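The structure under discussion appears below in the form of structure tokens.
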Amino acid sequence: MIRIESVTKRYPDGTVAVDQLSLDIPDGSITVLVGPSGCGKTTTLRMINRMVEPSEGRILLDGQDVQAQPVNTLRRSMGYVIQNAGLFQHRTIVDNVATVPRMLGWDKARARKRAMELMERVGLDAGLARRYPYQLSGGQQQRVGVARALAADPPVLLMDEPFSAVDPIVRKGLQAELLRIQAELGKTIVFVTHDIDEAIKIGNMVAVLRTGGRLAQFAPPDELLSHPADAFVEDFLGTDRGIRRLSFFTSAGLELTTAPVVAVDATAAQVAERPEAASTPFLLVTDTDGKPLGWADRKALAGGGAALDRAALQPYGRPFEFGRESLRDALDCAVLSPTGWAVAVDGSGRVVGVTSQETIGAAIRSAHAERERQQAARGTGLAKAAT
Ligand SMILES: Nc1ncnc2c1ncn2[C@@H]1O[C@H](COP(=O)(O)OP(=O)(O)OP(=O)(O)O)[C@@H](O)[C@H]1O
């Protein structure tokens, strides 16, 4: 664990960048420092690897004051990724990634082999290895930056606005990639951003700082959205907090029905045999493999008998993956669906059922109630621990 203990940083010109900051950064998870420009995020990050020394307070890494550790040893235990990747322009990509292993005395072949493994891990094509940084896109360069920081397998990764310089689509990809890598590697990551959406998406814990380097709130993103500590945090979180919070509720318990689901080769007689389906004015038609094709109007089918007409189907919008995607995704699908019903599919895209906006609404209410109970229980636990 990294413990930041009553740390203050006063620069020589008198600027107080960080003011009495205390944070316990848990192992094996992503802690995000977020806040408006100039609130001391970078200063805090750099005090962890001693690029900046605190004026007061101390920082402990696994119980040991970082001040007591030789800077080089400390920095080797901490990968560091910055905006624009900070690559060595005159070195090839593979040599950029191999930098730290080479510094640690690995021979060239072993360091390059390690570099190639890491390139693969961060989703970079091996064919890019011999290129120079200027021959890569911004997103690819950031991946190289991450690979380089991981090269010596440090337990801690410090990331300072690593994805800020790329466009929103590439940024989303890099965030997803970081979460994927983290699921495999379980590093202790401290990530600085000024983007609250990024903080909420990737953080297990989020520290919101206010100008003057003071801590406004330190909480899991779900709790931040549901219980902002004060008006500053609420304002910083922005609009749609309720909707955004739904991302943290799984769709796994959502009630589905298969009553209105029919295969495209079903006859009208087979359709009519389904009594429950009579309660819905439409049917979800699937192909013979169970994948969704579109919604059919039941009236249009009445008296038929031939195969359902694909051309007359209404689009089903986007389905959500049952259990993997959230209640936010399910609600979005229902809202976008021409029938108001969302289509749930399994991992291979086959329909597992459909669900209405009303059912999703009920699931949201019970998820809220359950979460409130959990938070209240945690509060009781904390109160007990404090007594
Ligand atoms: N070397 C320095 N000397 C004097 N003041 C500094 C120095 N470095 C940073 N500051 C000031 O300290 C405050 C915090 O800066 P810091 O870079 O830590 O903020 P930040 O939250 O990372 O900002 P941003 O999001 O804009 O990068 C700012 O007011 C900044 O101007």
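The sequence shown begins at 739 in this note's numbering and counts up one residue at a time. Idealized CB from N, CA, C, for every residue including glycine. These figures come from a predicted structure and were not determined experimentally.
> Using DSSP with H/G/I as helix, E/B as strand and the rest coil, what is H1106?
Replying inline: As a working note, residue 1106 is residue 368 in the sequence shown. Reduced to three states, the DSSP call for H1106 is helix.
> Are the beta-carbon atoms belonging to E791 and V745 less than 8 angstroms from one another?
Replying inline: Along the sequence shown, one-based indexing puts residue 791 at 53. Along the sequence shown, one-based indexing puts residue 745 at 7. The answer is no: Cβ separation not under 8 angstroms.
> Count the other CB atoms within 10 Å of the CB of Q805; is the residue buried (16 or more) or exposed (fewer)?
Replying inline: Your numbering for residue 805 matches position 67 in the sequence shown. Residue burial annotation: Q805 is exposed, with fewer than 16 other C-beta atoms found within 10 angstroms of its C-beta.
> So, are the CB atoms of L912 and G877 less than 8 angstroms apart?
Replying inline: Counted from its first residue, the sequence shown places residue 912 at position 174. Counted from its first residue, the sequence shown places residue 877 at position 139. Yes, Cβ-Cβ distance for L912 and G877 is below 8 angstroms.
> Just to check, is the beta-carbon of K846 closer than 7 angstroms to a non-hydrogen atom of ligand 1?
Replying inline: Stepping through the sequence shown from its first residue, residue 846 is reached at position 108. No, Cβ of K846 sits at least 7 angstroms from all heavy atoms of ligand 1.
> Can you name the start and end residues of the beta strand (DSSP E) that V1090 belongs to?
Replying inline: Taking the sequence shown and counting its residues from 1, the one referred to as residue 1090 is at position 352. The continuous beta strand (DSSP E) containing V1090 extends over residues V1089 to S1094.
>> If the criterion is Cβ atoms closer than 8 angstroms, does the pair T995 and V1089 meet it?
In response: For the purposes of this step, residue 995 is identified with residue 257 of the sequence shown, where counting begins at 1. For the purposes of this step, residue 1089 is identified with residue 351 of the sequence shown, where counting begins at 1. V1089 is positioned such that its CB atom lies no closer than 8 angstroms to that of T995.
>> With three or more C-beta pairs closer than 8 angstroms as the rule, is the region 759-775 touching the region 899-913?
In response: As far as the Cβ criterion goes, the region 899-913 does not touch the region 759-775, which means the pair count is below three.
> Just how far apart, CA to CA, sit R1109 and K925?
Replying inline: Residue numbering aside, residue 1109 sits at position 371 when the sequence shown is read from its first letter. Residue numbering aside, residue 925 sits at position 187 when the sequence shown is read from its first letter. If I take the Cα positions, the gap works out to 27 angstroms.
>> Measuring alpha carbon to alpha carbon, tell me which residue in A1080, T949 and L975 is nearest D935.
In response: Here residue 935 refers to the residue found at position 197 when the sequence shown is read from its first residue. Of the listed residues, the one whose Cα sits closest to D935 is L975.
>> Excluding the 5 residues flanking A1044 on each side, which residues of the same chain have their C-beta closer than 8 angstroms to its C-beta?
In response: As a first step, residue 1044 is located in the sequence shown; it is residue number 306 there, counting from the start. Because the pLDDT at A1044 is just 47, under 50, the model does not fix this residue reliably, and the point stays unresolved.
>> Rounded to the nearest angstrom, what separates T780 and V908 at their Cα positions?
In response: The residue you call residue 780 lines up with position 42 of the sequence shown. The residue you call residue 908 lines up with position 170 of the sequence shown. In a straight line, the C-alpha of T780 is about 23 angstroms away from that of V908.
> When the Cα of R1066 is compared with those of H1106, V1002, A889 and Y749, which residue comes out closest?
Replying inline: Residue 1066 sits at position 328 when you count from the first residue of the sequence shown. Considering only alpha carbons, the answer is H1106.
> Can you tell me the Cα-Cα spacing of C1071 and L1031, whole angstroms?
Replying inline: Mapped onto the sequence shown, residue 1071 falls at position 333. Mapped onto the sequence shown, residue 1031 falls at position 293. Their Cα atoms are separated by approximately 15 angstroms.
> Among H932, A937 and L896, which one has its Cα closest to the Cα of A914?
Replying inline: If you number the sequence shown from 1, residue 914 lands on position 176. Per the Cα distances, A937.
> Per DSSP, what kind of secondary structure is R1036 in: helix, strand or coil?
Replying inline: The residue labelled residue 1036 in the question sits at position 298 within the sequence shown. Looking at R1036 - three-state DSSP - the assignment turns out to be helix.
>> At a cut-off of 7 angstroms, would you count H968 as near ligand 1, judging by its Cβ distance to the nearest heavy atom?
In response: In the sequence shown, the residue the question calls residue 968 occupies position 230. Inspection of the sequence shows that residue 968 is occupied by Asp rather than by His. Flag unset: Cβ of D968 not near ligand 1.
> So is P871 buried or exposed if we call it buried at 16+ other beta carbons inside 10 Å?
Replying inline: Here residue 871 refers to the residue found at position 133 of the sequence shown. Classification for P871: buried.
> Nearest to L896 by alpha carbon, out of P750, Q802, R813 and R796?
Replying inline: Counting from 1 along the sequence shown, the entry for residue 896 is found at position 158. Per the Cα distances, R813.
> How far does the beta strand (DSSP E) with T931 in it reach, from first residue to last?
Replying inline: Here residue 931 refers to the residue found at position 193 of the sequence shown. Start and end: T926 to T931.
>> What does the Cβ neighbour count give for N810, buried or exposed, with the cut at 16 atoms within 10 Å?
In response: Residue numbering aside, residue 810 sits at position 72 when the sequence shown is read from its first letter. Around the Cβ of N810, a 10 Å sphere holds fewer than 16 other Cβ atoms; the residue is exposed.
>> Measuring only the C-alpha atoms, how far is F956 from V946?
In response: As a working mapping, residue 956 is identified with position 218 in the sequence shown. As a working mapping, residue 946 is identified with position 208 in the sequence shown. Between F956 and V946, the C-alpha separation is close to 6 angstroms.
> Buried or exposed: which applies to A1049, given that a residue is buried once 16 or more other Cβ atoms fall within 10 Å of its Cβ?
Replying inline: Residue numbering aside, residue 1049 sits at position 311 when the sequence shown is read from its first letter. Per the 10 Å Cβ criterion, exposed.
> Which of the three DSSP states, helix, strand or coil, is assigned to R1111?
Replying inline: Position 373 of the sequence shown, counted from the start, is the residue given in the question as residue 1111. Three-state result, R1111: helix.
>> Helix, strand or coil for E993? Go by DSSP, reduced to three states.
In response: If you number the sequence shown from 1, residue 993 lands on position 255. Here E993 sits in coil by DSSP.
> Should the region 817-825 be called in touch with the region 849-864, which here means at least 3 C-beta pairs below 8 angstroms?
Replying inline: no
>> With three or more C-beta pairs closer than 8 angstroms as the rule, is the region 1055-1063 touching the region 984-998?
In response: yes
>> Within a Cβ cutoff of 8 angstroms, which residues of the same chain sit near G950, ignoring the five residues on either side of it in sequence?
In response: Start at 1 with the first residue of the sequence shown, and residue 950 comes out as number 212. Cβ neighbours of G950 beyond the five flanking positions: V754, D757, C777 and G778.
>> Please give the ranges of any beta strand (DSSP E) in the region 801-837, keeping only runs that are unbroken, at least 3 residues long and fully inside the region.
In response: 816-820
> At what residues does the alpha helix (DSSP H) containing S793 begin and finish?
Replying inline: Working through the sequence shown from its first residue, we reach residue 793 at position 55. Run containing S793: none; DSSP gives neither H nor E here.
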